[in-house]
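Everything below concerns the one structure shown next.
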């Protein structure tokens, strides 16, 4: 019996139609500066900024010097659980501005201190530079969470979406040498294997998207990796790590119509086989990147609540297909 092809959520279908009408180019067809400008258009698809009691810019240790970061504290007079957020954007796009509204929403909904890191981006800094920035910042936060208003009694939570999910997963692997440093990792539609030689069927099924194509993903990876051989390094492709034991409890979120879906599901299965506690949620009819477009895609609000519960210590579902 044949299995019916999943259909796009009505919000996704409407947004795709709007993009088609406006002839919005895909990232792989433009220059890096143009691609970064295109991402700024995503900000028009976000709700107005959520008020947060305390927002300040700080500097955190990176691999090659201090890096800008932004701290969102829902109650500056109290110590709260600390979250390090690593933004998406294919290792090439994104930054503190693009991630501002999602971070505000997460801090307000979770009651956690959210720290958004402006790690160095490709192609100016290729692998492993961005990862080393994330590892350095995570080690600093884990060693002294109270410095930014975090609760020293609770370990760090790593959250990342898309390329940020890759960096969060790789950072968690690197921090296994510091037991107890990371309380949980939350990977939102992460890219975990280079697109250049992917074995995953979702890349073929969803090669044309919606909202993210296999060609765009290959373009991002080509800008991030210094060579094809680097893509076999588990720090670049966490799903290739031989040993996944000892990792913190993990929440993985996938979008049903995302080319990246299968590698995330494979990683979830491998984590479970290694004895890691895993919770996996698939959003039915959703497309890659939907969390950053909450004014256009209603499932983004549901995802914020799931992320908030996880960061605050609540347990999410082991499996659900969100309508």
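Numbering (the numbering used here), first residue to last: 228 to 550. Don't be surprised by glycine CBs; every beta carbon is placed ideally from N, CA and C.
| said: Does residue 247 pass the burial test, meaning 16 or more other C-beta atoms within 10 Å, or should it be called exposed? | reply: exposed
| said: Which residue wins for smallest C-alpha separation from residue 244, given the options 438, 532, 299, 346? | reply: 438
| Does the beta-carbon distance from residue 355 to residue 411 come in below 7 angstroms? | no
| task | Pull up the CB-CB distance for residue 262 and residue 254, whole angstroms please, since I reckon it's below 8 angstroms. | result | 5 angstroms
| request: Determine, using beta-carbon pairs with one atom in the segment 377-387 and one in the segment 437-456, whether at least three such pairs fall under 8 angstroms. | output: no
| field | Pick from 347, 506, 424 that is closest to residue 289, judged by C-alpha positions | value | Comparing Cα-Cα distances from residue 289 to each of 347, 506, 424, the minimum goes to 347.
| Does DSSP classify residue 412 as helix, strand or coil? | In the three-state reduction of the DSSP assignment, residue 412 falls in the strand class, which pools E and B.
| task | Spatial neighbours of residue 280 within its chain, please: CB distance less than 8 angstroms, with the 5 preceding and 5 following residues excluded, ordered by chain position. | result | 300, 301, 302, 303
| Terminal residues of the beta strand (DSSP E) in which residue 357 lies | Residue 357 -> not in any beta strand (DSSP E); alpha helix (DSSP H) instead, spanning 356-370.
| In chain order, which continuous runs of the beta strand (DSSP E) of length 3 or greater are located wholly inside the segment 393-470? | 409-415
| field | DSSP three-state assignment for residue 378, whether helix, strand or coil | value | The answer is coil: DSSP assigns residue 378 none of H, G, I, E or B.
| From 380, 266, 507, residue whose alpha carbon lies closest to that of residue 318 | 266
| field | CA-to-CA distance, residue 231 to residue 315, given in whole angstroms | value | Each residue's alpha carbon lies about 31 angstroms from the other.
| task | Could you give the DSSP three-state label for residue 347: helix, strand or coil? | result | Correct three-state label for residue 347: coil.
| message | Could you check whether residue 360 and residue 294 sit closer than 7 angstroms to each other, using their CB atoms as the reference points? | response | yes
| Beta-carbon separation (whole angstroms), residue 428 vs residue 434, contact threshold 8 angstroms | About 11 angstroms; that fails the 8 angstroms criterion.
| request: Taking residue 266 as part of the beta strand (DSSP E), name the residues at either end of that continuous run. | output: Counting along the chain, residue 266 falls outside any beta strand (DSSP E), though it belongs to the alpha helix (DSSP H) covering 259-267.
| request: Starting from the C-beta of residue 479, find all residues in its chain whose C-beta is less than 6 angstroms away, skip the five residues before and the five after it, and write them out in chain order. | output: 414, 491, 495, 507
| message | Quick check on the DSSP output: what are the complete alpha helix (DSSP H) runs of length 4 or more inside the segment 476-516, in order along the chain? | response | Taking only runs of at least 4 residues, the alpha helix (DSSP H) segments lying wholly in the segment 476-516 are 488-500.
| request: Assuming residue 473 and residue 403 form a contact by the criterion Cβ under 8 angstroms, report the distance between their Cβ atoms to the nearest whole angstrom. | output: Contact annotation, residue 473 with residue 403: C-beta distance approximately 5 angstroms; criterion of less than 8 angstroms satisfied.
| message | As an exercise, report each continuous alpha helix (DSSP H) stretch of at least 4 residues that is fully enclosed by the segment 244-331, in chain order. | response | You should have 259-267.
| message | Bridge partners for residue 388 per DSSP, in chain order? | response | 415
| said: Can you tell me which residues form a DSSP beta bridge with residue 383? | reply: According to DSSP, which records beta bridges pairwise, residue 383 is partnered with 409.
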